[in-house]
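Mapping of the sequence shown onto full-length UniProt numbering: residues 1 to 473, in sequence order.
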Amino acid sequence: MTDRLLVRDVLVLDAASAPARKDVLVAGTRIAEVRTPAATVEPDMRVIDGRDRLLIPGLVNAHTHSPLNVLKGTGDVLSHPAFMWLNQADTAGRSADEIRLSCLLGCIEHLRNGTTAVVDHFPEQGFAAADVDAVVDAYDTSGLRALVALRIFDEPYSDIDPPGGLPDSVAEHNPLTPPPLADSLALIEDAIARHDGAAGGRVRLCPAPSNPSRCSDALLSAVRDIAERHDTAVHMHLLETRVQAEIAQARYGTTMVAHLERLGLLTGRLSCAHTIWIGDEDIARMAAGGAIAVHNPESNLKLGAGISPVARMLAAGMRVALGTDGASTNDNLDLHEVMRIAVMLQRPGESDRRRWPTTTDALTMATLCGAAVMRCDGLGRIIPGAPADFVLHDLTAPFWTPLNDPLTQLVFGASGSTVDTVVVDGRVLVEGGKILAFDPEPVLREARDLVKHLRARNARLHGLAATIAAALP
């Protein structure tokens with residue numbers, strides 16, 4: 001099989017270049033050449049006809065949770081605290097095979113929606129080495145690029161406990177009780193040593209504090225040291241709720257961002273999901289340090305958590321990536337929707353249209369800034385030397401007809417429904433809308449069976465979660 005691929009005579013668009021008709025040549029895992037369409041084709045080259053296609057960089061989902069992929073439609077009018085308790089009840093006690101299945105289910109959505117890289121904040125609670133093995137194997141099987149961000153915390157979830165704490169009868173069964181810090185750190189070190197750079201470099205691992213309000217300074221300092229020692233990213237939730245901001249002031253006498261800066265974490269390694277309850281001084285701190293916010297507008301809206309000040313972040317020179325968050329707070333994994341809402345949500349209330357995020361901002365967030373979270377050089381561009389991760393949309397679909405402005409139509413109206421071809425690392429994973437990397441049908445069938453058993457298996461935890469949720473604001 002040849003490792004040379006030609007996408008011939010295709011309309012190419014990325015966030016840094018205007019649309020232009022090109023030939024895109026791939027050699028191995030990299031884009032070798034982007035040239036004016038040629039009349040001849042070199043021998044021993046696989047050819048994809050790019051006429052009536054739009055080629056864009058693969059989208060980067062910079063924050064999601066693969067254990068939640070089987071939990072679509074499990075909540076409607078839920079506050080963030082209530083959601084957190086129910087989430088834990090739904091994810092407790094899964095086997096490694098079930099973890100792999102949930103991950104592969106999400107991979108089906110990612111591939112069909114043109115997402116080629118994923119930051120998976122995994123798992124929802126304490127994990128074993130076999131759990132990490134399972135999720136790494138799933139991403140290897142899928143062909144996707146992934147950053148598996150290993151979640152860690154060592155403080156109670158004080159921001160979701162009812163006032164006055166939990167009753168003793170409930171606290172002893174609390175599924176959110178953290179494992180010993182030394183054990184968690186050892187697991188992360190071992191996982192990074194065994195799996196970082198797996199799947200030919202497509203799968204990376206990194207430490208990922210759940211949220212700094214749930215982490216001791218000892219944990220946060222250890223995470224900083226692990227990331228520096230192994231040259232990895234650091235990923236975390238940050239300031240998703242007003243209560244989390246209040247906890248920081250009460251605990252440290254300053255903001256959470258200022259505290260992270262004191263600990264040496266506010267660098268280009270750090271990406272922070274949500275980042276809603278943040279002021280201008282802290283935006284300036286994050287921009288100066290190179291830290292990246294990951295905007296999850298659909299999840300934030302569904303949980304009523306707030307609206308991240310993305311327009312102010314962009315104006316301050318801060319990098320902002322995009323994520324779907326977990327499927328239980330979004331209910332699908334289509335980044336096209338996230339791009340659209342991320343831009344539109346910043347416009348009401350701002351009379352100066354010069355401050356509005358643009359369609360170029362949207363594509364930058366969904367590609368280049370997501371690539372920065374992944375720490376993958378060149379990802380997000382269609383240029384020679386860049387990783388060969390790209391997507392072809394079918395321009396014959398009614399939505400794209402007539403083609404007045406490819407970028408505007410991509411951001412304000414497109415969906416995964418017109419994704420025809422997906423290439424990651426030079427390998428064609430989707431063609432003609434069909435997944436080639438693995439057979440999705442057994443995964444879909446097994447996922448339907450799994451969800452029937454989860455609630456019954458964790459009935460006691462569900463009862464506990466319902467009781468606690470009723471006591472929460």
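Ideal placement from N, C-alpha and C gives every residue a C-beta, glycine not left out.
Bear in mind that the values here come from a model prediction, so they are computed numbers and not experimental data.
On a Cα-Cα basis, can you pick out the residue from the options that is closest to residue i?
| i | options | result |
| --- | --- | --- |
| Leu-13 | Thr-364, Val-443, Ala-291 and Met-286 | Thr-364 |
| Glu-446 | Glu-98, Met-286 and Thr-116 | Glu-98 |
| Leu-5 | Ala-38, Glu-42 and Ser-17 | Glu-42 |
| Lys-302 | Leu-11, Glu-33 and Asp-331 | Asp-331 |
| Ile-56 | Arg-455, Phe-399 and Thr-418 | Thr-418 |
| Ile-188 | Ala-199, Pro-209 and Arg-202 | Pro-209 |
| Pro-212 | Arg-229, Arg-262 and Asp-190 | Arg-262 |
| Leu-238 | Asp-190, Ala-218, Ala-291 and Arg-448 | Ala-291 |
| Ala-258 | His-462, Gly-268, Met-286 and Val-234 | Met-286 |
| Met-339 | Lys-72, Asp-52, Leu-71 and Asp-361 | Asp-361 |
| residue 478 | Thr-74, Leu-429, Met-318 and Phe-127 | Outside the modelled stretch of the chain, which goes from 1 to 473, sits residue 478, for which no answer is possible. |
| Ala-371 | Arg-8, Gly-28, Ala-456 and Asn-61 | Asn-61 |
| Ala-89 | Ile-468, Ala-470 and His-462 | His-462 |
| Leu-181 | Gly-197, Met-256, Pro-207 and Gly-200 | Pro-207 |
| Thr-255 | Val-430, Ala-233 and Asp-280 | Asp-280 |
| Ala-18 | Pro-406, Gly-75 and Arg-427 | Pro-406 |
| Arg-319 | Asp-3, Gly-304 and Ile-283 | Ile-283 |
Measure the alpha-carbon distance for residue i versus residue j and round it to whole angstroms.
| i | j | result |
| --- | --- | --- |
| Arg-94 | Glu-109 | 21 Å |
| Val-424 | Leu-368 | 16 Å |
| Thr-177 | Asp-325 | 23 Å |
| His-336 | Val-411 | 7 Å |
| Gly-106 | Pro-67 | 9 Å |
| Leu-357 | Ala-311 | In the sequence under discussion, the amino acid at residue 357 is Pro, which differs from the Leu named in the question. Answer to the nearest angstrom: the Cα atoms are 6 Å apart. |
| Arg-448 | Phe-122 | 22 Å |
| Thr-36 | Gly-50 | 13 Å |
| Val-422 | His-195 | 25 Å |
| Arg-242 | Gly-306 | 9 Å |
| Gln-244 | Cys-215 | 12 Å |
| Asp-439 | Ile-247 | 46 Å |
| Met-236 | Arg-151 | 8 Å |
| Leu-220 | Ala-191 | 18 Å |
| Gly-73 | Ser-328 | 6 Å |
| Ala-470 | Leu-464 | 10 Å |
| Pro-402 | Gln-409 | 10 Å |
| Leu-450 | Glu-350 | 46 Å |
| Ile-226 | Gly-143 | 27 Å |
| Arg-354 | Leu-86 | 42 Å |
| Thr-141 | Met-374 | 19 Å |
| Pro-348 | Arg-460 | 44 Å |
| Leu-429 | Ala-27 | 16 Å |
| Asp-3 | Met-45 | 8 Å |
| residue 508 | Phe-399 | Look at the range of the chain in this structure, 1 to 473, and you will see that residue 508 is not part of it. |
| Gly-75 | Phe-83 | 8 Å |
Please name the residue or residues paired with residue i in a DSSP beta bridge.
| i | result |
| --- | --- |
| Met-236 | Cys-272 |
| Arg-53 | Asp-394 |
| residue 493 | The question about residue 493 has no answer, for the chain in this structure spans 1 to 473. |
| Lys-434 | Glu-431 |
| Arg-319 | Ile-292 |
| Gly-424 | According to the sequence as given, residue 424 is Val; it is not Gly. Answer is Arg-427, bridged to Val-424. |
| Val-419 | His-393 |
| Arg-145 | Ala-117 |
Contact criterion: CB-CB distance below 9 Å. Does residue i meet it with respect to chain B?
| i | result |
| --- | --- |
| Ala-149 | The structure shown has no chain B; it contains just one protein chain. |
Got a sec? Which residues, its chain only, sit under 8 Å from residue i by beta carbon, not counting five neighbours each side?
| i | result |
| --- | --- |
| Gly-385 | Arg-30, Ile-31 and Gly-378 |
| Gly-289 | Glu-261, Leu-266, Thr-267, Gly-268 and Leu-270 |
| Asp-52 | Asp-394, Leu-395 and Thr-396 |
Grab me the residues of residue i's own chain with a C-beta within less than 6 Å of its C-beta, minus the 5 sequence neighbours each way, in chain order.
| i | result |
| --- | --- |
| Ala-138 | Arg-100, Cys-103 and Leu-104 |
| residue 492 | Absent from the structure is residue 492, since the part of the chain shown begins at 1 and ends at 473. |
| Ile-278 | Leu-239 |
| Ala-456 | none |
| Gly-380 | Pro-57, Thr-367, Leu-368 and Ala-371 |
| Ala-134 | Ala-96, Ile-99 and Arg-100 |
Residues in its own chain within less than 7 Å of residue i by CB, not counting five upstream and five downstream?
| i | result |
| --- | --- |
| Ile-382 | Val-12, Asp-14, Val-24, Ile-31, Val-34, Leu-55, Pro-57 and Phe-390 |
| Gly-416 | Arg-112, Asn-113, Gly-114, Asp-334 and His-336 |
| His-63 | Val-119, His-121, Ala-273, Val-294, Asn-296, Gly-323 and Asp-325 |
| Asp-131 | Ala-96, Ile-99 and Pro-123 |
| His-230 | Ile-192 and Asp-196 |
| Leu-300 | Sequence inspection shows Asn at residue 300; the Leu mentioned does not correspond to that position. Around Asn-300: His-274, Ile-276, Gly-306, Ile-307 and Ser-308. |
| Val-136 | Val-148, His-195, Ala-198 and Val-203 |
| Arg-427 | Gly-143 |
| Ile-341 | Pro-297 and Glu-298 |
Any heavy atom of the ligand ADP closer than 8 Å to the beta-carbon of residue i?
| i | result |
| --- | --- |
| Arg-53 | Within the structure as shown, the ligand ADP is missing, as the structure has no ligands at all. |
Fill in: beta strand (DSSP E) segments (min. 3 residues) lying fully within the region 344-394
390-394
Discussion item. As an exercise, report each continuous beta strand (DSSP E) stretch of at least 3 residues that is fully enclosed by the region 1-78, in chain order.
Written reply: 4-14, 17-27, 30-35, 46-49, 53-57 and 59-64
Fill in: Complete runs of the beta strand (DSSP E) confined to the region 172-200 [at least 3 residues]
none
Worksheet item: Can you list, in chain order, the stretches of the beta strand (DSSP E) that have 3 or more residues and sit fully within the region 75-124?
Response: 115-122
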